[in-house]
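Residue numbers for the sequence shown follow our numbering, beginning at 4 and rising by one.
Built from N, CA and C at the ideal position, the CB exists for glycine as well.
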Amino acid sequence: MNSERIINWGILGCGKIAHYFATDLKHVPNANLYAVASRSLEKAKAFGNDYEVSTYYDTYEALSKDPNIDVIYIATPHVFHYENAIMCLNNKKAVLCEKPFAMNALQVKKMISTAKESKVFLMEALWTYFLPHYRYVLDYIQSKELGDIKTLKADFGFRAPFDSHGRVFNKKLGGGSLLDIGIYPLFAALSILGYPEEILAQATIGKTGVDEDCAMQLHYKNGVSASLFSTVTEETATEAIIELEKGTITINSQFHKPSSVTIVKEGKSKSECIEFGVTTNGYNFEAIHVQEMLLQNRTESTIMSFEKSLQLIELLDNVRNKIGLHYD
Ligand SMILES: NC(=O)c1ccc[n+]([C@@H]2O[C@H](COP(=O)([O-])OP(=O)(O)OC[C@H]3O[C@@H](n4cnc5c(N)ncnc54)[C@H](OP(=O)(O)O)[C@@H]3O)[C@@H](O)[C@H]2O)c1
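In C-alpha cells form, the structure reads like this:
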C-alpha cells in the first residue's frame, strides 16, 4: 500500500465536535476533508467554507453514497450513531464514530457485524486512548516501576447551562452525564484495570429524566477498586489519580484531553511533572491511527478494538441498569 495515498474524509453532522475534528484534520498528513453533510444545506455550506471544503450535502445519505470518500466521521448525538453508522457501512464507507459508540450493546454488536459483513473499517472515536500522555501512562504502569495498582480515582464534571432541548439534558437525544462524560472515567478504569468483577452505581436523576450526576464504584481482584464520578451540574477536577504500591500517577486536569502527568515516587520528596507539548485539540492522533489502519486494509483498530468498545458499552449498560436509567 502506498503510504502517501491521500485519504478523503467526510464529516456527518456539523455540530460542535465536528468543528474541533475538522480543525485538527488539517494537522494530519495526507488527510483531505473532502465533503461534509448537515441536515441543512446552509449549515453544510458554511461549515465547508470554514475548512475550504467544496463538496457539501444536505442529507447524510448523500454523503454516505459519495464514491470519492474513504472514511466518514460521525458527529451526531449518541442516539443517531447506530443508524448513521449502519448506513455508512452499508454504503461501504469506513467509519470513525463519536463516543458513546451507540446507545447499548445490542446496537454496537450490530454495527460490528455490519462492518465485518461489509468488510470495512469501523472504530469508536475514543480519542483519549490515542493521546501521547495517556499512552505514556499506560506504558509506565505496564513497566511496573511503581508496582501494582491499588486504586484509581477519576472524575469528569462541568456545569452545562440547563437546556431541556439540548443533547446534554434531552432524554430523546441520549442526554445525561454518564453517556456524555462518565464514559471517560469508565474508559480509564477499563483501559487501566480491565473489566471489573463488581459494579456499584448511584445517580441523581434530574427533571428531564436523565442522570445529572453518576457515582460508580468498580471492584477488582485483590481489593483493587476504582471510584468514578461524572456530573453536568458542577465543575470538578477532572483528573485521574492512580495509587500504586510504590507511588502515585496523576493524569492532570483535564485527563481525557491533551494534558500533563505528575508522578510521585515513594520516598522521594519531589514530584515530577511531564509535559507532552501537544499543540492541537488532540483529535489528530485518532485520525492518524484511522488512516494507518486504512492503509493496512484493516477493518478493526489494533488499539480501540471491537472488544474494547463492546466492554465499554457493556459497562455503560450495566451502570445504567443499576441507576434505573432507560432510554426508548
Ligand atoms: N470526543 C470528544 O471530545 C467529544 C466532545 C463533544 C461531543 N462528543 C460526542 O460527539 C457527539 C456530538 O456532540 P456535539 O457536542 O458535537 O453535539 P452538537 O453540537 O449538538 O452537534 C450534533 C450535530 O448532530 C446533528 N444532528 C442530527 N440530528 C440531530 C438532532 N435531532 N438534534 C440535534 N442535532 C442533530 C446536527 O448536525 P447538522 O445540523 O449539521 O445535521 C448537530 O449539529 C456526541 O455523541 C458526543 O458524545 C465527543
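Go ahead and pull the three-state DSSP assignment for residue i.
i: Val123; result: coil
i: Arg138; result: helix
i: Phe354; result: This structure cannot speak to residue 354, because the chain is shown only from 4 to 331.
i: Cys91; result: helix
i: Asp53; result: helix
i: Leu297; result: helix
i: Glu64; result: helix
i: Val111; result: helix
i: Lys19; result: helix
i: Lys46; result: helix
i: Tyr37; result: strand
i: Tyr330; result: coil
i: Ala97; result: strand
i: Glu248; result: coil
i: Thr154; result: strand
i: Ile10; result: strand
i: Thr117; result: helix
i: Ile144; result: helix
i: Val74; result: strand
i: Thr79; result: coil
Near residue i, which residues of its chain fall below 8 Å by C-beta distance, leaving aside the five closest residues on each side in sequence?
i: Met4; result: The pLDDT assigned to Met4 is 48, lower than 50, so where the model puts this residue is not dependable, and the model offers no usable value.
Buried or exposed: which applies to residue i, given that a residue is buried once 16 or more other Cβ atoms fall within 10 Å of its Cβ?
i: Leu91; result: Checking the sequence, you will find Cys at residue 91 rather than Leu. Looking at its Cβ environment, which holds 16 or more other Cβ atoms inside 10 Å, Cys91 is buried.
i: Gly51; result: buried
i: Thr207; result: exposed
Within the same chain, show all residues whose beta-carbon is closer than 6 Å to that of residue i, passing over the 5 residues directly before and after it, in chain order.
i: Asn287; result: Asp27, His30 and Val31
i: Gly16; result: Ala78 and Thr79
i: Leu318; result: Leu189
i: Leu149; result: Leu247, Lys249 and Gly250
i: Phe133; result: Phe288, Glu289 and His292
Can you find the residues in the same chain that come closer than 7 Å, C-beta to C-beta, to residue i, ignoring five residues on each side of it along the sequence?
i: Val140; result: Ile252, Ile254 and Val264
i: Ala38; result: Gly13, Val56, Thr58, Tyr59, Tyr60, Leu66, Asp69 and Ile72
i: Glu237; result: Gly160 and Arg162
i: His84; result: Ile77, Cys100, Glu101, Phe104 and Ala105
i: Thr211; result: Ser167, Phe172, Asn173, Lys174 and Gly178
i: Ile9; result: Asn33 and Asn35
Please specify which runs of the alpha helix (DSSP H), each continuous and at least 4 residues long, are wholly inside the segment 157-243, giving them in chain order.
-> 186-196
Counting only runs of 3+ residues fully inside the segment 251-328, write out the beta strand (DSSP E) ranges in chain order.
-> 264-268 and 275-277
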